[in-house]
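What follows is one structure encoded as structure tokens, with my remarks underneath.
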Amino acid sequence: MIHQAQNDLHVQIHEKSLQIKTNIDEVRVKGKANLLEQVITNLFSNAIRYTDARQTIVIEVKEEEHGVYIGFENKGSHIAEENIEKIWDQFYRVDKSRKRVCGGTGLGLSIVKNIFELHDAEYGVTNTEDGVLFYFCLERWDTK
414 MIHQAQNDLH VQIHEKSLQI KTNIDEVRVK GKANLLEQVI TNLFSNAIRY TDARQTIVIE
474 VKEEEHGVYI GFENKGSHIA EENIEKIWDQ FYRVDKSRKR VCGGTGLGLS IVKNIFELHD
534 AEYGVTNTED GVLFYFCLER WDTK
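Numbering-wise (the working numbering), the sequence shown opens with residue 414 and increments by one.
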């Protein structure tokens, strides 16, 4: 799914000369594929939107003891601490602190939150040393 999203978003990635760094374990998760595709596309699109030109987006998928961790980290502006929890709210946008210049209705992360909750996923967002990390954990799909 992540590789497909990267292919679908290649024009936006190229326009900003972004580097995409991936560390992806080949694992399967339990969930509704079309909804999880929407999550991946939204988080990837946001990472592109908020990453400064010629910077890096880091995407990680790793199998852990209690599930599968997925993280999208963009290098760029932080989210003000007082806005961290609000970003999941419908129509909430952090224009000033994230230097938004285009796009977005303020619905994307609210929809993502609803999909996470439908899948009983742990999820969150945190400022990193030089950017922002969105992450979630889904149940692993065992084929046994």
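All C-beta atoms, glycine included, are put in the ideal place defined by N, C-alpha and C.
Pop quiz: residue i and residue j are said to be a contact at Cβ under 8 Å. What is the actual Cβ separation, rounded to whole angstroms?
i, j, result
"Val474", "Ile415", "7 Å"
"Ile492", "Ile461", "16 Å between Cβ atoms; not a contact."
How many angstroms separate the CA atom of residue i from the CA atom of residue j?
i, j, result
"Val525", "Leu546", "15 Å"
"Glu498", "Leu522", "11 Å"
"His423", "Glu478", "33 Å"
"Ile483", "Gly444", "14 Å"
"Ser458", "Tyr548", "14 Å"
"Asp533", "Leu431", "32 Å"
"Glu476", "Phe504", "33 Å"
"Asn540", "Glu428", "25 Å"
"Glu535", "Leu456", "15 Å"
Determine the contact status of residue i and residue j, defining contact as a CB-CB distance below 8 Å.
i, j, result
"Leu531", "Leu448", "yes"
"Arg553", "Val471", "no"
"Ile500", "Val452", "no"
"Thr567", "Ala418", "The displayed coordinates of the chain run from 414 to 557. Any statement about residue 567 would go beyond what the structure contains."
Item to check | Cβ contact (3+ pairs, closer than 8 Å) linking the region 435-444 and the region 455-466 | outcome: no
Checklist entry - Is it true that the region 535-546 meets the region 481-494, where meeting means three or more beta-carbon pairs spaced less than 8 Å apart? => result yes
Checklist entry - Can you list the alpha helix (DSSP H) stretches of 4 or more residues lying completely in the region 417-454, in chain order? => result 423-428
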